[in-house]
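Asks: Mapped onto UniProt numbering, the consecutive letters of the sequence shown carry residue numbers 1 to 291.
Virtual Cβ for every residue (Gly too), placed ideally from N, Cα, C.
Computed from a predicted model, the values in this text were never measured in an experiment.
Okay, here's the structure, questions in a sec.
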Amino acid sequence: MSVADNMAVSVNSNPPPRAAAPADQLVVKPLAAVVRPQRNPENRRDLFATAVVVIVMLIAMEITSRYVPDYIMPSPVTVWAAARELFFADPYHVGITLIRLTVAVGVAMSLGVLLGLAMGTVRWIRPYLKAIILIDTGIPALSWMLIAVFWFKNPETRIFFILLVILLPFYALNVYEGVRALPKDLVDMIESFRPSRWQVLRYLILPHIVPYIFLTTKSVIGYAIRMVIFAELVASAVGIGARMNLAQSTFRIDQVLAWTFFLVILNLVLQAAVNALEKVTLRWRAEAVVR
Numbered sequence: 001m002s003v004a005d006n007m008a009v010s011v012n013s014n015p016p017p018r019a020a021a022p023a024d025q026l027v028v029k030p031l032a033a034v035v036r037p038q039r040n041p042e043n044r045r046d047l048f049a050t051a052v053v054v055i056v057m058l059i060a061m062e063i064t065s066r067y068v069p070d071y072i073m074p075s076p077v078t079v080w081a082a083a084r085e086l087f088f089a090d091p092y093h094v095g096i097t098l099i100r101l102t103v104a105v106g107v108a109m110s111l112g113v114l115l116g117l118a119m120g121t122v123r124w125i126r127p128y129l130k131a132i133i134l135i136d137t138g139i140p141a142l143s144w145m146l147i148a149v150f151w152f153k154n155p156e157t158r159i160f161f162i163l164l165v166i167l168l169p170f171y172a173l174n175v176y177e178g179v180r181a182l183p184k185d186l187v188d189m190i191e192s193f194r195p196s197r198w199q200v201l202r203y204l205i206l207p208h209i210v211p212y213i214f215l216t217t218k219s220v221i222g223y224a225i226r227m228v229i230f231a232e233l234v235a236s237a238v239g240i241g242a243r244m245n246l247a248q249s250t251f252r253i254d255q256v257l258a259w260t261f262f263l264v265i266l267n268l269v270l271q272a273a274v275n276a277l278e279k280v281t282l283r284w285r286a287e288a289v290v291r
């Protein structure tokens, strides 16, 4: 067999190239299915660790209550009885505190996002807003509470003002940092299409700062709960803070601990709710796992 025949056999032995699949047979997976994050086992470990810590605390309370008077450390059974009495007898105070907390955090978030966007996108107003925010963060919370007592007669206005001036800087500064963290290459690419200012805000800036808003909310929930209780204790006659003040004046430490445990549970529930909302809102974003 000649060399030409060998080359012909070699060429003919190669399989023919596959034809491209028709366009109607192509299956394109949605983006959410491609980058959908896997369930993180760390969440289960966190839940287990929280349960262990709570059980250890209850055991420590029970042991301590056997060696000290009840007005210093009551047993968990006594605290549970006080909790049932309070929650069924005073649901009004719980609702008032939750409404105050929700309204204040919602307004602080809205105004903080607007101020953060203004600082990040409007150059001439940036130094003035930054100065206002930095001065606000330097004023102690107790000073704001005393100022609110002098300025406002209505208790609801006092508490709302206190929470607003304390929580607003957290959102404003974090949103501002989120705008500053925009990748320059991405900004240059978007501007090459000559978009309007509204299009840049809608399609670039707002999606980028959503994780910063969730991060700020998770960071301030516990702090906001502490501040609303403190504000109620100083400036109101209704709410959980006012009821804790009444329990302290009547030497009912079991009621103080019952309210405290309720606030801890409230913090955990709100944190879980924000985490769930974050996962739904940012389900398109893949989560990196560092080993």
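Are the segment 176 to 190 and the segment 74 to 81 touching, with three or more C-beta to C-beta distances below 8 Å?
Replies: The answer is no - the segment 74 to 81 does not touch the segment 176 to 190, with fewer than three Cβ pairs under 8 Å.
Asks: So which of M119, I166, R123 has the shortest CA-CA distance to A141?
Replies: Taking the first residue of the sequence shown as position 1, residue 141 is located at position 141. Answer by Cα proximity: I166.
Asks: At the level of alpha carbons, what is the spacing between D254 and L98?
Replies: Start at 1 with the first residue of the sequence shown, and residue 254 comes out as number 254. Start at 1 with the first residue of the sequence shown, and residue 98 comes out as number 98. Cα to Cα, D254 sits roughly 22 Å from L98.
Asks: Starting from S219, follow the alpha helix (DSSP H) in both directions and report where the run begins and ends.
Replies: Here residue 219 is taken as the residue at index 219 of the sequence shown, counted from 1. Unbroken alpha helix (DSSP H) run through S219: 206 to 235.
Asks: Measure from the alpha carbon of K218 to the alpha carbon of each residue in I229, P127, E278, G178, then state which is nearest.
Replies: For the purposes of this step, residue 218 is taken as the residue at position 218 of the sequence shown. The option with the nearest alpha carbon to K218 is E278.
Asks: Could you tell me whether the Cβ atoms of V234 and M244 are closer together than 8 Å?
Replies: Taking the sequence shown and counting its residues from 1, one reaches residue 234 at position 234. Taking the sequence shown and counting its residues from 1, one reaches residue 244 at position 244. Their beta carbons are not under 8 Å apart, which means V234 does not touch M244 by this criterion.
Asks: For E156, collect the residues of the same chain with a Cβ closer than 6 Å to its Cβ; drop the 5 residues on either side in sequence, then sort them by chain order.
Replies: As a first step, residue 156 is located in the sequence shown; it is residue number 156 there, counting from the start. No residues qualify anywhere along the chain.
Asks: Taking only the alpha-carbon atoms, compute the straight-line gap between V53 and M119 and give it to the nearest angstrom.
Replies: Your numbering for residue 53 matches position 53 in the sequence shown. Your numbering for residue 119 matches position 119 in the sequence shown. If you take the alpha carbons of V53 and M119, they lie about 42 Å apart.
Asks: Could you tell me if G95 is buried or exposed, where buried requires 16 or more neighbouring beta carbons within 10 angstroms of its beta carbon?
Replies: In the sequence shown, counting from the first residue as 1, residue 95 sits at position 95. The residue in question, G95, is exposed, as its Cβ has fewer than 16 Cβ neighbours within 10 Å.
Asks: How would you label I125, buried or exposed, when you count the other beta carbons within 10 angstroms and need 16 or more for buried?
Replies: Residue 125 sits at position 125 when you count from the first residue of the sequence shown. Under this definition I125 is an exposed residue.
Asks: Starting from F261, trace the alpha helix (DSSP H) in both directions and tell me its first and last residue.
Replies: The residue labelled residue 261 in the question sits at position 261 within the sequence shown. Here the alpha helix (DSSP H) through F261 covers 253 to 281.
Asks: As a quick exercise: from V210, W259, L201, pick the residue whose alpha carbon is nearest that of R285.
Replies: Within the sequence shown, the letter at position 285 stands for residue 285. Of the listed residues, the one whose Cα sits closest to R285 is V210.
Asks: In whole angstroms, give me the CA-to-CA distance for residue 295 and V200.
Replies: Outside the displayed span of the chain (1 to 291) sits residue 295, for which this structure offers no information.
Asks: With a Cβ-Cβ cutoff of 8 Å, do G239 and E232 count as a contact?
Replies: Your numbering for residue 239 matches position 239 in the sequence shown. Your numbering for residue 232 matches position 232 in the sequence shown. Going by C-beta atoms, G239 is nearer than 8 Å to E232.
Asks: Going by C-alpha distance, which of F88, N43, V68 is nearest residue 292?
Replies: As shown, the chain starts at 1 and ends at 291. That puts residue 292 outside it, with no answer to give.
Asks: Looking at C-alpha atoms only, which residue of I225, A272, T281 is the closest neighbour of F262?
Replies: Position 262 of the sequence shown, counting from 1, holds the residue named residue 262. Closest by alpha carbon: I225.
Asks: Spatial neighbours of F214 within its chain, please: C-beta separation below 6 Å, excluding the five flanking residues on both sides.
Replies: Taking the first residue of the sequence shown as 1, we reach residue 214 at position 214. Excluding positions up to five away in sequence, the list reads E278.
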